[in-house]
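Quick note: the sequence shown uses this note's numbering, first residue -19, plus one each step. Virtual Cβ for every residue (Gly too), placed ideally from N, Cα, C. Written below as structure tokens is the structure these notes are about.
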Amino acid sequence: MRRRALLSLAALPFPAAAQPKPIAVASFSILADLLREAAGERMDLRVIAGPDMDAHHFQTRPSHAEAVRSAQIVVRNGAGFDGWFNRLLSSTGFRGVTVTATEGITLRRAGPTPGHSHGSQDPHAWQDVRLAIAYVRNIEAGLIRADAAGEGHYRALTAAFVARLEALDGWVRAEIARVPEARRVIVTSHDAFAYFGAAYGVRFRAPQGVATNAEPSAQQVAGLIRQIRAENITAVFIENMANPATLRRLAEEAGVRIRGRLYADALSGPDGPAATYEAMVRHNLGLMVPAMLG
Ligand SMILES: [Zn+2]
């Protein structure tokens, strides 16, 4: 009797705490936060391009290949944003679940920017909160494919998160509505906010183009300075990733003040103002709205 009890105990799986969790890897910090919300404690999460790192141009290290090799699921943005991550996947022969967060989203064409080396699509869809919800749905489906036993867990977490993001989207609309339409113009370092602009009715002007390494021509900068003066644009920003030098020079020549630092392509560290996706959106709006107002 006792012996049988022991045997049946031995046949039980290890207690949950002792079992290694499946590993999930996100290509960059914003995806990592969305993944964390949808996966919760069931997965061991890793991020390759972490907070305040430029995922447009990223040099992978051997430890990154190691993380991908051990993963059951990986999440990438796609649309030409994190091509280096695709190379990491093929070089490691990754065979797990691959989530492309932008899958199913109608991508915008990238504006004509001389000298930038990226594809013809604009990858920055996450700046529209409704499209971030589409990202989260894609991640949810991937998590369930990778770990079917956790389906209920992933569905519950995703539902709660999506409800918060829907409320956030409504808040963004209400904030923008405080700004008269003619004042809804923002100048920032690189074209990361086209989806945001289309979703919320804000016009963006950027000297740098869609990729963070594209150098604007003197002509482009001069044109933007004329526009700032002619339209009396007051909302001028630098970004956490893009080089601020051009924007600083531009603001000085146009006689306007830089109104702060927007988070476009990466989150801040845990102690910064944009440690999560939701904090990033709130931080950006908190700077944009007063700056547009004057
Ligand atoms: Zn970008």
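| query | What are the residues that DSSP puts in a beta bridge with A4? | reply | Translated into the one-based positions of the sequence shown, residue 4 becomes position 24. DSSP lists L25 and I53 as partners of A4.
| request: Taking the CB atoms as reference points, tell me whether L145 and V116 lie closer together than 8 angstroms. | output: Translated into the one-based positions of the sequence shown, residue 145 becomes position 165. Translated into the one-based positions of the sequence shown, residue 116 becomes position 136. For L145 and V116, yes; Cβs fall inside 8 angstroms.
| message | Assuming I213 is part of the beta strand (DSSP E), what are its boundary residues? | response | Along the sequence shown, one-based indexing puts residue 213 at 233. I213 -> no beta strand (DSSP E), and no H or E assigned at all.
| field | Cβ-Cβ distance between R277 and T78 below 8 angstroms | value | Any question about residue 277 goes unanswered here, given that the chain covers just -19 to 274.
| Given a threshold of 16 other Cβ atoms within 10 Å of its Cβ, counted over all protein chains shown, does P2 qualify as buried or as exposed? | The residue you call residue 2 lines up with position 22 of the sequence shown. Its Cβ being crowded by 16 or more others within 10 Å, P2 is buried.
| said: Under 7 angstroms: does the beta carbon of K90 sit that close to some heavy atom of ligand 1? | reply: Position 110 of the sequence shown, counting from 1, holds the residue named residue 90. Looking at the sequence shown, residue 90 is not Lys but Ala. Checking the Cβ of A90 against ligand 1 gives no.
| query | What residues match up with T78 in a beta bridge as DSSP calls it? | reply | Mapped onto the sequence shown, residue 78 falls at position 98. Its beta-bridge partners are V54.
| request: Measure from the alpha carbon of V182 to the alpha carbon of each residue in Q39, M272, G84 and I113, then state which is nearest. | output: If you number the sequence shown from 1, residue 182 lands on position 202. V182 has its Cα closest to that of M272, out of Q39, M272, G84 and I113.
| query | Among L247, D251 and M260, which has the Cα closest to the Cα of M33? | reply | For the purposes of this step, residue 33 is identified with residue 53 of the sequence shown, where counting begins at 1. Checked all of L247, D251 and M260; the closest Cα to M33 is L247.
| query | What three-state label does DSSP hand P94 in the structure shown? | reply | Along the sequence shown, read from residue 1 onward, the residue named residue 94 stands at position 114. Because P94 carries a pLDDT of 43, less than 50, the predicted location of this residue cannot be relied on, and no value is offered for it.
| query | Using CA coordinates, which residue listed in L230, M260, H104 and N264 is at the minimum distance from V240? | reply | Position 260 of the sequence shown holds residue 240. Val is not the amino acid found at residue 240; the sequence shown has Gly there. That would be N264, whose Cα lies nearest to the Cα of G240.
| field | Residues of its chain near R153, where Cβ-Cβ distance is below 8 angstroms and the 5 sequence neighbours each way are ignored | value | The residue labelled residue 153 in the question sits at position 173 within the sequence shown. Y180.
| field | Boundaries (first-last residue) of the alpha helix (DSSP H) holding I238 | value | Here residue 238 is taken as the residue at index 258 of the sequence shown, counted from 1. I238: not part of any alpha helix (DSSP H); member of the beta strand (DSSP E) spanning I238 to L242, first to last residue.
| request: Give the secondary structure of V159 by DSSP, where H, G and I count as helix, E and B as strand, and everything else as coil. | output: Counting from 1 along the sequence shown, the entry for residue 159 is found at position 179. Coil, per DSSP.
| said: Considering only their Cβ atoms, is the gap separating N66 from L11 smaller than 8 angstroms? | reply: Position 31 of the sequence shown, counted from the start, is the residue given in the question as residue 11. Position 86 of the sequence shown, counted from the start, is the residue given in the question as residue 66. Their beta carbons are not under 8 angstroms apart, which means L11 does not touch N66 by this criterion.
| message | Could you check whether the Cβ of D251 sits closer than 7 angstroms to any heavy atom belonging to ligand 1? | response | Taking the first residue of the sequence shown as 1, we reach residue 251 at position 271. Answer for D251: no, Cβ out of range of ligand 1.
| request: Buried or exposed for P250, please, with buried defined as at least 16 other CB atoms from any protein chain shown within 10 angstroms of its CB. | output: Counting from one through the sequence shown, the residue named residue 250 turns up at place 270. It is exposed - the Cβ of P250 has fewer than 16 other Cβ atoms within 10 Å.
| Does ligand 1 have even one heavy atom less than 7 angstroms from the beta-carbon of D32? | Position 52 of the sequence shown, counting from 1, holds the residue named residue 32. No, Cβ of D32 sits at least 7 angstroms from all heavy atoms of ligand 1.
| said: At the level of alpha carbons, what is the spacing between A139 and A19? | reply: For the purposes of this step, residue 139 is identified with residue 159 of the sequence shown, where counting begins at 1. For the purposes of this step, residue 19 is identified with residue 39 of the sequence shown, where counting begins at 1. So the two alpha carbons sit approximately 12 angstroms from each other.
| field | S97 to A126 span [Cα, whole Å] | value | Indexing the sequence shown from 1 puts residue 97 at position 117. Indexing the sequence shown from 1 puts residue 126 at position 146. Low local confidence applies: a pLDDT of 45 at S97 is under 50, so the model's placement there is unreliable, with the coordinate-based value given in what follows. Rounded to whole angstroms, S97 to A126 spans 34 angstroms at the Cα level.
| said: Let me check understanding here. Comparing Cα to Cα, which of W64, R164 and I119 lies closest to F141? | reply: Taking the sequence shown and counting its residues from 1, the one referred to as residue 141 is at position 161. Of the candidates W64, R164 and I119, the one whose C-alpha sits nearest the C-alpha of F141 is I119.
| CB of I156 within 8 angstroms of CB of F217, strictly | The residue given as residue 156 occupies position 176 in the sequence shown. The residue given as residue 217 occupies position 237 in the sequence shown. Result no, Cβ atoms of I156 and F217 do not sit closer than 8 angstroms.
| Can you list, in chain order, the residues of its chain whose CB lies under 7 angstroms from that of L204, leaving out five sequence neighbours each side? | Here residue 204 corresponds to residue number 224 of the sequence shown, with the count starting at 1. The residues are V167, R185, P187 and L230.
| Who are the Cβ neighbours of Q107 in its own chain at under 6 angstroms, not counting the five residues just before and after it? | In the sequence shown, residue 107 corresponds to position 127, counting from 1. Once the five neighbours on either side are set aside, the close Cβ partners of Q107 are F173, Y175 and F176.
| field | P160 versus P270, V201 and M23, residue with shortest Cα-Cα distance | value | Stepping through the sequence shown from its first residue, residue 160 is reached at position 180. Nearest of P270, V201 and M23 to P160, Cα basis: P270.
| Can you check whether the CB of A47 is closer than 8 angstroms to the CB of R26? | The residue labelled residue 26 in the question sits at position 46 within the sequence shown. The residue labelled residue 47 in the question sits at position 67 within the sequence shown. Closer than 8 angstroms, so yes.
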